[in-house]
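Heads up: the sequence lines are chains A and B, in that order.
Each residue of the first sequence is one higher than the one before, starting from 0 at the first, in numbering that gives the first Met the number 0.
Each residue of the second sequence is one higher than the one before, starting from 0 at the first, in numbering that gives the first Met the number 0.
Even glycine gets a Cβ: it sits at the ideal position worked out from N, Cα and C.
All values reported here derive from a predicted model rather than from experimental measurement.
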Amino acid sequence: MSLLQIRNLCTTFYTPGGLVRAVDGVSLDLVMGKTTGLIGETGCGKSVLGHSILRLLPANARIEGSIRFKGEELLCLPETKLRRLRGREMAFIPQSPATSLNPVLTIGRQLVETIRLHKRVSRQKAREAAAALLELLDLPAPEKRLAEYPHQLSGGMRQRVLAAMGVVGNPSLLIADEPTKGLDAIVRRQMAAVLRRLTAKTGAALLLITHDLRVVAGLCDDVAVMYAGEIIESGPARVVLTDPRHPYTRGLLGSLPAHGLKPIPGVSPSLIDLPAGCRFFHRCPDASPACGEVWPSLVKQPDRQVRCLLFAQGRESGKGVYGRDLQAAVV
Amino acid sequence: MFTAGIFKRQSFKVLDGVSLHISPGETLGLVGGSGCGKSTLARVILGLVPASSGRVVFKGRELPAGGNRRRDQGWEKMQIIFQHPEASLNPRLKIRDSLAEPLRIHRLVTDREEEAAVIAGLLETVGLSREHLSRYPHELSGGQIQRVVLARILALRPACIIADEPTSMLDVSVQAQVLRLLKDIQARYGLACLFISHDLAVVRWMSDRIAVMSQGRIVETGLAAQIIKNPGHPYTAALVREEEFF
């Protein structure tokens, strides 16, 4: 049974420049005890999707569609009820640990505050719980860390403190936004191990928002690839990463240093002025003229979903029709 | 040829007896974990941070103590790309002004027309277009900013570029673009490059030789392929294993 069901989610920002369609028709299921990776480049809408689940968006945003959490529709929930869910049922580990902690309060003070927000315990008990939590996350000398300020900790340590804050309320859904950004290989591995242990211990579902494909390969059961606000390929992580179908996923894997560091040409389209056809059309090495005209829907395959005309049924006939149209237009 | 020595501050050794050299046209990759002293070494080489002892020799000239760089001594031929694109450019200057600044400071152009021509040439080299000139840094992506930084550096016709984790804040696809550009430019102008990164896979792709740093010391140097195949130091071996882990 899925813990969280996202159906046809659209998140739109109203800006002076026009409507920014950051998330456009996304459907996703998160299952208890499973880790789902959400990958894509900067500005593709993956962080906005994470924020939309918790409804932590600025006033100029509008969310449409459906997000059901344990059967309850989150988008209809009043703010007071939502506040009770946040932290206790669904928690968020923010990116950039450098700016997400309060620089003038000690780690202990910030953790104790979070713990006492969720449980009615004394300060002393909360402090003990905080130390135990840091120990669980492999932070050396947790008692000493509690008395320190964020600037005295390294990036990897701060990230673990944020993870600790996230799991204080024993949430059944954990959303981690770029938990390994800027960390070196060894610290990245420790962070991955910490996240794996947390989900194993609590049985929580983890949505891992990242652009680090190595972390996805090491940590995720399922993966969804986002491009320009849409999910363009999703399926089991092992399947998608070893045998990518969508040209964008293939390009992403090809740009890894281990795969020859081949960049994808061009830049992703503006979310204000989206093209009519496939959003990857002008960067795609396998594009046919039809791709610029027809917006591809998500095609179900036995082991995954792909949003690409290459895999659409009846593509041959479709291509023929649109090819004729194009020629007529040229004449 | 560089020689940097012991660096002491608050009786804490960040760098400890570091010696290395880079030849023209060569890329030396410097790998190491967070806080091992990679970035400090970059700053010492450029004279941004004074070394407690030891010396830095660039094109046969010794870097003056206390980082007292003078413009007429040719130190502008050594330049750096920083890690954080959002902090690399003056947020209040348009890209055009950021690009013009080094040209004016070093009096490389005589009038506005020449300046515009040089800037246009630089833009083409790094793959940006004229429309970017009138924008502010916050209107550009991280990858575009690193291109602007590279253009600024190329304006001074450098002999050596120090790249301090230039792509660790970028997406993989953008990282590939920027690294390829850096390598192209390096080959075209015969630049020496000190490429600093914590990502062994990236360093392997970029570098001819690799130096591995741990706790302020260079623990191993050698040809890139050899070091990765046969790591001689436990720390290097741990790094190689990490690459295989994911």
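Residue i burial status per 10 Å Cβ neighbour count (16 or more: buried)
i: A:GLU229; result: buried
i: B:GLY120; result: exposed
i: A:ALA289; result: buried
i: A:LEU301; result: Position check: residue 301 of chain A holds Pro in this sequence, whereas Leu was assumed. The residue is exposed, with fewer than 16 neighbouring Cβ atoms inside 10 Å.
i: A:TYR335; result: Residue 335 of chain A is absent from the model: chain A starts at 0 and stops at 330.
i: B:ARG208; result: buried
i: A:HIS210; result: buried
i: B:GLY59; result: exposed
i: A:VAL103; result: exposed
i: A:GLN151; result: exposed
i: B:GLU164; result: buried
i: A:VAL330; result: Low confidence applies here, because A:VAL330 scores a pLDDT of 29, under 50, leaving its location unreliable and the question unanswered by this model.
i: B:GLN268; result: Here chain B has residues from 0 to 245 only, and residue 268 of chain B is not among them.
i: A:PRO15; result: exposed
i: A:GLU63; result: exposed
i: A:ARG6; result: exposed
i: A:ALA97; result: exposed
i: A:ARG82; result: exposed
Counterpart residues of residue i in DSSP-defined beta bridges
i: B:GLU25; result: According to DSSP, B:GLU25 bridges with nothing at all.
i: B:THR249; result: This structure gives no information on residue 249 of chain B, because the portion of chain B shown stretches from 0 to 245.
i: B:ALA191; result: B:CYS159
i: B:ARG129; result: B:ARG129 is not bridged to any residue.
i: B:ILE209; result: B:GLY28 and B:GLY221
i: A:ASP28; result: A:GLN4
i: A:HIS20; result: Correcting the residue type first, residue 20 of chain A is Arg in the shown sequence and not His. According to DSSP, A:ARG20 bridges with A:THR11.
i: A:GLY36; result: A:LEU207 and A:VAL222
i: B:LEU40; result: Partner(s): none; B:LEU40 has no beta bridge.
i: A:SER65; result: A:ARG6
i: A:GLY234; result: A:VAL222
i: B:LEU196; result: This sequence places Ser at residue 196 of chain B; Leu is not what is there. Per DSSP, B:VAL30.
i: B:VAL201; result: Per DSSP, none; premise fails for B:VAL201.
i: B:ILE184; result: B:ILE184 pairs with nothing; no bridge assigned.
i: B:ARG216; result: B:SER213
i: B:GLN78; result: B:ILE160
i: A:MET89; result: A:ARG85 and A:LEU172
i: B:VAL56; result: B:GLU61
Reference residue i, options the options, closest by Cα
i: A:VAL224; options: A:GLY17, A:ASN7, A:CYS43 and A:LYS33; result: A:CYS43
i: A:ALA131; options: A:PRO141, A:LEU3 and A:LYS200; result: A:PRO141
i: A:LEU336; options: A:LEU205, A:ARG195, A:ARG187 and A:GLY39; result: For chain A, the structure presents residues 0 to 330; residue 336 of chain A sits outside this window and is missing.
i: A:MET388; options: A:TYR148, A:LEU136 and A:ILE208; result: Past the boundaries of the shown model lies residue 388 of chain A; chain A is included only from 0 to 330, so the question cannot be answered.
i: A:HIS245; options: A:ASP220, A:CYS219, A:LYS299 and A:LEU194; result: A:LYS299
i: B:LEU132; options: B:HIS232, B:LEU122 and B:SER140; result: B:LEU122
i: A:ALA125; options: A:LEU116, A:ALA146, A:LEU133 and A:VAL111; result: A:VAL111
i: A:SER46; options: A:LEU161, A:ILE208 and A:PRO262; result: A:ILE208
i: A:GLU147; options: A:LEU100, A:VAL25 and A:GLU63; result: A:LEU100
i: A:PRO57; options: A:THR10, A:PRO243 and A:VAL266; result: A:THR10
i: B:ILE258; options: B:SER18, B:THR26 and B:SER22; result: Residue 258 of chain B lies beyond the stretch modelled for chain B, which goes from 0 to 245, so this question has no answer here.
i: A:ALA192; options: A:ASN169, A:ALA162 and A:LEU172; result: A:ALA162
i: A:GLY118; options: A:ILE92, A:ARG87, A:PRO295 and A:SER95; result: It is Lys, not Gly, that sits at residue 118 of chain A in the sequence shown. For the residues A:ILE92, A:ARG87, A:PRO295 and A:SER95, the minimum Cα distance to A:LYS118 belongs to A:ARG87.
i: B:PHE81; options: B:ASN229, B:MET168 and B:LYS182; result: B:MET168
i: B:MET205; options: B:GLY16, B:GLY24 and B:GLU113; result: B:GLY24
i: A:THR79; options: A:ALA216, A:LEU53 and A:ILE38; result: A:LEU53
i: B:GLY16; options: B:GLU241, B:PRO49 and B:ILE217; result: B:ILE217
i: A:SER95; options: A:LEU73, A:LYS180, A:VAL186 and A:PHE310; result: A:LYS180
Own chain residues within Cβ distance below 8 Å of residue i, not counting five before or after
i: A:ASP272; result: GLY17
i: A:VAL239; result: VAL222, VAL224, GLU232, SER233, THR248 and ARG303
i: B:LEU88; result: ILE94, SER97, PRO136, ILE144, VAL147 and VAL148
i: A:PRO274; result: PRO268, PHE280, HIS281 and GLY291
i: A:VAL120; result: ILE114 and ALA128
i: B:SER128; result: LEU122
Other residues of its chain near residue i: CB distance less than 7 Å, five sequence neighbours each side excluded
i: A:ASP183; result: none
i: B:GLY36; result: VAL13, LEU14, MET212 and GLY215
i: A:THR113; result: MET164 and VAL167
i: A:LEU138; result: ARG144, MET156 and ARG159
i: A:LEU260; result: SER254
i: B:PRO101; result: ARG151, ALA154 and LEU155
6 Å CB neighbourhood of residue i in its chain, flanking five on each side removed
i: B:LEU190; result: ILE160
i: A:ASN59; result: PHE12 and TYR13
i: B:HIS220; result: The amino acid at residue 220 of chain B is misidentified as His; the sequence shows Thr. These residues qualify, in order along the chain: ALA210.
i: B:GLY231; result: GLU219
i: B:ALA116; result: none
i: A:VAL19; result: PHE12, LEU270 and ILE271
i: A:GLY32; result: GLY202
is_contact[residue i, chain C] using C-beta, thresh 9 Å
i: A:THR41; result: In the structure shown, chain C cannot be found, because the protein chains are A and B.
If you scan the region 95 to 155 of chain A from start to end, which runs of the alpha helix (DSSP H) of 4 or more residues do you find wholly inside it? Within the region 95 to 155 of chain A, the complete alpha helix (DSSP H) runs of at least 4 residues are 96 to 99, 106 to 117, 122 to 135 and 141 to 145.
Every unbroken beta strand (DSSP E) within the region 164 to 203 of chain A, with a cutoff of 3 residues, ordered by chain: 172 to 176
Suppose only complete runs of 3+ residues qualify. What are the beta strand (DSSP E) ranges in the region 268 to 314 of chain A, listed by chain order? Within the region 268 to 314 of chain A, the complete beta strand (DSSP E) segments at least 3 residues long are 298 to 300 and 303 to 305, listed from N- to C-terminus.
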